[in-house]
Every structure is written in structure tokens, then in C-alpha cells.
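Counted the way the working numbering counts, the sequence shown spans residues 6 to 97.
All C-beta atoms in this analysis are idealised placements derived from N, C-alpha and C, irrespective of residue type, glycine included.
Before any comments, here is the structure.
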Amino acid sequence: NPQIRVIEHAPVRRCRDKMCPTPSRPRHRRVRRSAPAATPRVGVNQTKTVPAPQASVWDTVKPATPQGVTGSREVHTSPKPATSVVGSMRSM
């Protein structure tokens with residue numbers, strides 16, 4: 006049968022004395038250490054940096070190609086150089 010043995014552990018310290026009345030303010034107050042100093046508001050709203058206009062996807066797109074063709078099939082279907090290369094290889 007298992008033996009009952011007394012386990013020694015660290016002393017349990019109470020959070021606070023429960024005999025005294027409840028403190029009015031919380032014991033631990035969250036403090037933000039990296040918070041910047043409060044900015045003094047001189048005017049109602051000092052806009053030093055003017056926000057940039059809304060970015061659009063079309064700003065990155067270049068204007069129409071010099072041929073005036075925007076990705077149509079006529080540009081790419083030109084089998085003549087390939088056949089000429091194959092013909093020259095056959096004739097060799």
C-alpha cells in the first residue's frame with residue numbers, strides 16, 4: 006500500500022492580510038514604461054504632416070504599350086522565326 010509522506014514545499018504567503026478591510030485602489034497598477042511623453046496640444050489640431058493621397062493599384066501600371074496593344078494575341082503569335090530556325094536545322 007502507498008505510504009503517506011509529508012511533502013515540504015515553499016512557504017505559502019498570503020496575497021494580503023484578509024483581516025484588514027478591502028483596499029480602495031487596486032494593488033498593482035499597469036504602467037507603460039515605453040509610452041512617449043504626453044504631447045502638449047497647443048492648437049486644436051496641428052497637422053504638420055499632410056497625408057498622402059490614397060494609393061491606387063493603377064499607379065503602378067504603366068501606360069499603354071507603344072504599339073497600342075495591351076496583351077492581345079496578335080503580338081505573340083508569330084511562328085515564323087521558329088519555323089525558319091527549324092527549316093535551317095533540317096537543311097543542314
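As assigned by DSSP and simplified to three states, the class of residue i
i   : result
V66 : coil
Alpha carbon of residue i to alpha carbon of residue j, nearest angstrom
i   : j   : result
C20 : V11 : 25 Å
S39 : P31 : 22 Å
A15 : P56 : 59 Å
I9  : K23 : 32 Å
V66 : P58 : 17 Å
V17 : S29 : 25 Å
Spatial neighbours of residue i in its chain, beta-carbon cut-off 8 Å, leaving aside the 5 residues before and after
i   : result
R34 : none
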